[in-house]
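With the numbering used here as the guide, the letters of the sequence shown map in order to residues 91 to 474. No residue lacks a Cβ here, since even glycine has one placed at the ideal position from N, Cα and C. Structure, as structure tokens:
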Amino acid sequence: MGNHSFQRESEAVERAFDEASLTDREKDAARSLLQGMTAQEAADIMGVSPSSVGSYRKRAYEKLGVGSGRELVSLHRVWPVAEVNADVNEKLRVRGLNETQASVCSLIAAGRTTAEIASELGIAAGTVNSARAYGYKLLGIHSREELVELLKGRGGRETEPATGSSGNRPWAILAVVAIVLVGAIALLQAMAPSASNGPVGSLAAARGTDATPFTAKAEDGTILFGVNENGQRFGRRDWTLAHMGGIADLYAAEGESGELGYASPDAEPGSPLYDLDGQTVIGTFSLFEWQDNGLGANRADPNSAPFRAVDSEGHVLFGVNDAGQRFGSREFADLYLGGKLDLEATTASNGAHGYVYVDEVEKSPVLTVYAEDGVTELGTLESG
């Protein structure tokens, strides 16, 4: 396997890997992340467990001097669309699209398929679908043909016809005003749910940060991992490997008197044992609750075991349901679900907050909105 398991990255990236003395396994784990693979997908190729992939990635982060997979991607991932279609990107960014939405729409206009865009940008197909849907909504369009025409109409020389342009200019101005108004209305509609209580309502704080406080719990109420109010990442070792890139400020630990709490990764016997807030001392550290990174015969596999991550206000942010489906917002999926998302947070036409199947977005003009179980129907939503 080694260097033959994954496509090599650019010369500069490979040189950075060599200079940091990454092993072949660590290089493969880092390459898989840069190529948009989940830990499970990388594990299938490398012939190891997903938790091992997480361990290799963590070691690669440490050697490369980065703190997370997101930082690794931002430093070493090549985004070709920024060079090839920089002018188109700029036009779309001016209209209110974020970087991902602009990049995706640029490639759509260039005729790329969803799979090609996902591969070129190193993101999941579901992310491409979401970026396209929200991008189209902000632009007030419904198809690639409308996108191409919109870009041509804003391209300068193609805006005005060769003759009679002065007579048509007022209509062109009105058309532009109409587009802007449609985009503004779409933006307001997109923002409206953020004030509500539900899966969509709690996304505003998540955008652009990996420090939104939440607690992920198993069905029996056992705390698995999360981020506390002080921004510290905490949890059990195998769960942090599966969902937090193997990086935690506090690991689940046991005190000398048998009490359970949290200790820093470099804690030694006699060090403080903390409460969930990472500040309140509740005892003296004895040992980590789970010393090894293996799953063990009786432990739930964190890559498929059901859990729910809930913020301090009680909003369900993301998780895995009883059917093994990963649900939540795209932001949280990218941060904690390896980019994989089966059910994406949305709002039905009747105002109900729920989820749609990401692989249905392109297949049907009307989508069914489900509860987090993926079965209970809450309403419908037009997929345009």
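Every alpha helix (DSSP H) stretch that sits fully inside the segment 127-152 and reaches 4 residues is listed by chain position as 129-136. Per DSSP, the beta-bridge partners of Glu-472 are Val-456. Comparing alpha carbon positions, the residue from Leu-229, Phe-107 and Val-184 closest to Gly-155 is Phe-107. For Asp-367, the CB contacts under 7 Å within the same chain, skipping 5 residues up- and downstream, are Asn-318, Glu-319 and Asn-320 in chain order. In the structure shown, the three-state DSSP call for Val-184 is helix. Non-local beta-carbon contacts of Arg-323 in its own chain, meaning distances under 8 Å to residues more than five positions away in sequence, involve Phe-315, Gly-316, Val-317, Thr-330, Met-334, Ile-337, Ala-338, Asp-339 and Leu-340 in chain order. Between Arg-147 and Ala-120, the beta carbon gap of about 7 Å places them in contact (Cβ cut-off 8 Å). The C-beta distance from Val-448 to Asn-219 rounds to 6 Å, short enough to fall under 8 Å.
If you draw a straight line from the Cα of Ser-141 to the Cα of Ala-332, it comes to about 6 Å.
In terms of Cα proximity to Glu-358, the closest of Ala-306, Leu-377, Tyr-364 and Ala-342 is Leu-377.
Short of 7 Å from the beta carbon of Gln-125, and not among the five residues preceding or following it, lie these beta carbons of its own chain, in chain order: Phe-96, Gln-97 and Gly-212. Beta-bridge annotation (DSSP): Lys-307 is paired with Ile-313 and Arg-398. Around the beta carbon of Asn-440, fewer than 16 other beta carbons lie within 10 angstroms, which makes this residue exposed. The C-alpha of Gly-464 is placed about 21 Å away from the C-alpha of Gly-311.
Taking Ala-132 as the centre and dropping the five residues before and after it, the same chain places the C-beta of Ser-122 and Val-143 closer than 6 Å to its C-beta, in chain order. Annotated three-state conformation of Phe-422 is helix, per DSSP. Going by DSSP, Ser-122 is part of the alpha helix (DSSP H) stretching over 114-124. For His-443, the enclosing beta strand (DSSP E) has its first and last residue at 443-447. Between Leu-457 and Glu-467, the CB-CB gap reaches or exceeds 7 Å. Here Pro-355 is actually not in contact with Thr-374; their C-beta atoms are around 17 Å apart, not less than 8 Å. Bounds of any alpha helix (DSSP H) do not take in Ser-376; it lies within the beta strand (DSSP E) bounded by 371-378.
When only Cα atoms are considered, Arg-234 and Asn-179 end up about 15 Å apart. Taking 7 Å as the cut-off, the Cβ atoms of Asn-411 and Gln-130 do not count as close. Nearest C-alpha to Ser-111 among Val-138, Met-136, Ala-150 and Lys-307: Ala-150.
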